[in-house]
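One structure is given here, and the rest of the page talks about it.
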Amino acid sequence: MSLSGRAGFARSAAGNDRSTRSKIARPALTNLRVFFIGGYLSYRALFNWMHWSYYIPTMLGAPIFQVLFFAYIGRYAQVRNDEFFVVGNAVQLSAMAGIYGMAMTVGGERWTQTLSPLMATPANRLPLFLGRSLPLIANGIITSAFAFGVGWLLLDVDIAASQLPALAVVIAASAFACTSLGLVVGALGLRVRDVFFLANFVVYSLVLFCGVNIPLESLPNWMEEVARVLPLTHGIEAARAIADGASLSDVGSLVWTELGIGACYAAAAFGLFKLFELEGRRRASFETI
Amino acid sequence: MTGRTLRLIWIGWKFHVKSLTLSAFFILTSVLQPIIFASVAYLMFDVGAREGTLLYVALGAGMMGIWSSTLFGSGGAIQWQRWQGTLEYCIAVPPPFLLVIVPLTLATATIGLYSLIATLLWGKLFFDVPFDVANPVAFVVALPVTVVGLGLLGLILASTFIMYRNANALSNLLEYPVWLVTGLLVSLSLLPGWVGPISWVLAPTWGVNALREAAIAGNPWPEIGMCLALGAVYLVIGHFALQQFERLARERATLSLT
Chain A
848 MSLSGRAGFA RSAAGNDRST RSKIARPALT NLRVFFIGGY LSYRALFNWM
898 HWSYYIPTML GAPIFQVLFF AYIGRYAQVR NDEFFVVGNA VQLSAMAGIY
948 GMAMTVGGER WTQTLSPLMA TPANRLPLFL GRSLPLIANG IITSAFAFGV
998 GWLLLDVDIA ASQLPALAVV IAASAFACTS LGLVVGALGL RVRDVFFLAN
1048 FVVYSLVLFC GVNIPLESLP NWMEEVARVL PLTHGIEAAR AIADGASLSD
1098 VGSLVWTELG IGACYAAAAF GLFKLFELEG RRRASFETI
Chain B
6 MTGRTLRLIW IGWKFHVKSL TLSAFFILTS VLQPIIFASV AYLMFDVGAR
56 EGTLLYVALG AGMMGIWSST LFGSGGAIQW QRWQGTLEYC IAVPPPFLLV
106 IVPLTLATAT IGLYSLIATL LWGKLFFDVP FDVANPVAFV VALPVTVVGL
156 GLLGLILAST FIMYRNANAL SNLLEYPVWL VTGLLVSLSL LPGWVGPISW
206 VLAPTWGVNA LREAAIAGNP WPEIGMCLAL GAVYLVIGHF ALQQFERLAR
256 ERATLSLT
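As they're listed, the protein sequences go chains A and B.
According to the working numbering, the first sequence holds residues 848 to 1136 in order.
According to the working numbering, the second sequence holds residues 6 to 263 in order.
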């Protein structure tokens, strides 16, 4: 082989290599774009939330009163101290954005008749829907942190500053787990018309089952069993322990369980998205409102 | 009030009650949400050290449902009509807009009775809540008076929805604070002193007290009277607020904006 031939072969080989690499890299890049940019745009498309006149009363105002409401019932009924209710409700509030947000993501697409075009795109469904959950996790963390701040300011709560980083980790884990449950709700939104009812039901059930306002050991046995497979239960338990002075390593198993539960719900949601997408195509039900 | 006005209110109320009853979302939310919150309250009072009857909790939790139904129903209906493009027609019809809206807000408060009934039944079946009403006549009178009081409070809320597109954020904000400051589950004596005057101008405070007094053989008539008086005040405020907001919405051409 001549020198030029060898160089040509080398160029061609390099070209093939680049082409192979780009064939592999392109879908990965597209998926990353769908995940990050798609997720960001979808969050912005929850237009109401982006407007301060909607965001502040709903995502910050209502949580203040939820914390106060349950803390005062706790005082009146003499259940536990303020810290019990502030920690329980503040962690529970990390669920609000994730569950309602995911319900609105799918329900909103259906309402605006854009669900069919979305389902017609070739985009990988995993980054498409997981990307939408990322800003909601961040939103959940903000709401939860705000509720902690309000509790500290207005009620009798004293959490050492040194405990805050560990608390932040627990809140992030709970926000992830709740948003994963929100993904399941969103997936069911492909099948059922009234996804908002389902979202309400799920959020209220978490308040009832997960030890938010009632000590877990005081719940009937069957409720405690149900609580063990729901997000939040372990997160709230870990957050209460941290507020009482435990370290992150002390509550490591609780945090990992919370993350594991979140991962299971995320996997279930992905399966349901696939299943209901096929169902929706077969039954032509994406545009039913 | 002429017979024609009464007929309009009656027909409008019947229409909206039927139409809201057909909404699975509204009915399920009106029943399930109060049941879940009532269960939380029953369990909290069960675990807590305070002595007392669970009927106090049951009536408070039921009233929470009536308030939620009024709050989301009154505003939601205006928003729904705006989305459907029928709000302009409701305003353009010959009868005053007040007479079109009042039956609607009364109907949303009436639907809240599902919440009260569901809460009481739930408590009776699963938490052994005693339901022995000492003064049934007063209880039966207090119930519709409370519904009317809350419905007319809903009129003031509904008027803001005509003007502001994002007013449903107000609904999200106002649910818990009204539950708290009207003493539905917490004694007002536990709250800061400045909360007192706020609670006095809110019909749910008097409504729930009337029901509780009737249930435990107290004297509910002053509370029933206050509920009626507040309802009359809400009607006057709602009338002027509607006039003002309707005029502004026409001037700014914002009626049909979604």
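Backbone N, C-alpha and C fix where the C-beta goes; we use that ideal spot for every residue, glycine too.
Keep in mind that this is a model prediction, so the values were computed, not measured.
Backbone CA spacing between residue i and residue j [nearest angstrom]
i: A/Leu1011; j: A/Ala909; result: 23 Å
i: A/Ala950; j: A/Asp1041; result: 10 Å
i: A/Glu956; j: A/Arg979; result: 13 Å
i: B/Phe144; j: B/Gly67; result: 14 Å
i: A/Gly945; j: A/Arg1128; result: 26 Å
i: A/Ile911; j: B/Tyr61; result: 25 Å
i: A/Leu1066; j: B/Arg12; result: 51 Å
i: B/Gly230; j: B/Gly159; result: 19 Å
i: B/Gly78; j: B/Trp211; result: 21 Å
i: B/Arg257; j: B/Pro225; result: 46 Å
i: B/Pro100; j: B/Arg252; result: 16 Å
i: B/Tyr239; j: B/Val150; result: 14 Å
i: B/Gly218; j: A/Leu1106; result: Position check: residue 218 of chain B holds Glu in this sequence, whereas Gly was assumed. B/Glu218 and A/Leu1106: Cα-Cα distance of roughly 49 Å.
i: A/Trp958; j: B/Gly81; result: 16 Å
i: A/Val1073; j: A/Leu1028; result: 14 Å
i: B/Cys95; j: B/Ile14; result: 14 Å
Residue i burial status per 10 Å Cβ neighbour count (16 or more: buried)
i: A/Asn836; result: No statement about residue 836 of chain A is possible, as the shown extent of chain A runs from 848 to 1136 and does not include it.
i: A/Val1004; result: buried
i: A/Asp1091; result: exposed
i: A/Phe916; result: buried
i: A/Ile903; result: exposed
i: B/Phe136; result: exposed
i: B/Glu93; result: exposed
i: A/Ser1096; result: exposed
i: A/Asp929; result: buried
i: B/Val98; result: exposed
i: B/Phe245; result: exposed
i: A/Val1032; result: buried
i: B/Ser176; result: buried
i: B/Leu25; result: buried
i: B/Phe131; result: exposed
i: A/Ile884; result: exposed
i: A/His1081; result: buried
i: A/Glu1126; result: exposed
i: B/Ser44; result: buried
i: B/His21; result: buried
i: B/Thr75; result: buried
i: B/Gly117; result: buried
i: B/Leu2; result: In this structure chain B extends from 6 to 263, so residue 2 of chain B is not present and cannot be described.
Supposed close pair residue i, residue j - CB separation, criterion 8 Å
i: B/Ser192; j: A/Tyr923; result: 6 Å
i: A/Tyr1112; j: A/Pro1078; result: 7 Å
i: B/Tyr47; j: B/Leu59; result: 6 Å
i: A/Ala1085; j: A/Val1098; result: 4 Å
i: B/Phe30; j: A/Phe1043; result: 7 Å
i: A/Gly987; j: A/Thr1026; result: 7 Å
i: A/Leu1045; j: A/Leu1035; result: 6 Å
i: B/Phe102; j: B/Leu247; result: 6 Å
i: B/Ala123; j: B/Ile40; result: 6 Å
Heavy atom of the ligand COA within 8 Å of residue i beta-carbon
i: B/Ala63; result: Looking at this structure, you won't find the ligand COA or any other ligand, since it has none at all.
Short CB-CB distance (under 9 Å) between residue i and chain E
i: A/Leu1106; result: As a matter of chain content, chain E is missing from the structure shown, whose protein chains are A and B.
Problem - Within 8 Å of chain A by C-beta, residues of the segment 177-211 of chain B in sequence order - result: Asn177, Leu178, Glu180, Tyr181, Pro182, Trp184, Leu185, Leu190, Val191, Ser192, Leu195 and Leu196
Practice task
Please list the segments of the alpha helix (DSSP H) lying wholly inside the segment 217-259 of chain B, counting only runs of 4 or more residues, in order along the chain.
Solution key: 226-257
Problem - Any alpha helix (DSSP H) of 4 or more consecutive residues that is wholly inside the segment 939-1009 of chain A - result: 941-958, 962-967 and 972-1001
Handout entry: Whole runs of the beta strand (DSSP E) within the segment 151-188 of chain B, excluding any shorter than 3 residues
Key = If we require 3 residues or more, the segment 151-188 of chain B turns out to have no beta strand (DSSP E) run fully inside it.
Handout entry: chain A contacts from the segment 29-49 of chain B (Cβ-Cβ distance under 8 Å)
Key = Ala29, Phe30, Leu33, Thr34, Leu37, Gln38, Ile41, Phe42, Ser44, Val45, Ala46, Leu48 and Met49: these are the residues of the segment 29-49 of chain B whose beta carbon lies less than 8 Å from some beta carbon of chain A, given in chain order.
Handout entry: Proximal residues, the segment 52-68 of chain B versus chain A, C-beta separation under 7 Å
Key = Hits within the stretch, in order: Val52, Gly53, Ala54 and Arg55.
Practice task
With 7 Å as the limit, tell me which residues of the segment 158-175 of chain B have their beta carbon closer than that to any beta carbon of chain A; keep them in chain order.
Solution key: Asn171, Ala174 and Leu175
Practice task
Give, in chain order, every unbroken run of the alpha helix (DSSP H) that is at least 4 residues long and sits entirely within the segment 47-125 of chain B.
Solution key: 59-89 and 92-97
Practice task
Scan the segment 1021-1041 of chain A for residues whose Cβ lies nearer than 8 Å to a Cβ of chain B and list them as they occur along the chain.
Solution key: Asp1041
Handout entry: Within 7 Å of chain B by C-beta, residues of the segment 1072-1084 of chain A in sequence order
Key = none
Problem - Chain-ordered residues of the segment 931-956 of chain A with a beta carbon less than 9 Å from chain B - result: none
Problem - Contained alpha helix (DSSP H) runs [length at least 4] in the segment 1029-1091 of chain A, N- to C-terminal order - result: 1042-1056, 1068-1075 and 1080-1090
Practice task
Could you run through the segment 901-913 of chain A and flag, in chain order, every residue whose CB is less than 7 Å away from some CB of chain B?
Solution key: Tyr901, Pro904, Thr905, Gly908, Ala909, Phe912 and Gln913
Handout entry: the segment 955-977 of chain A: positions lying closer than 7 Å to chain B by Cβ
Key = Correct list: empty, as no residue qualifies.
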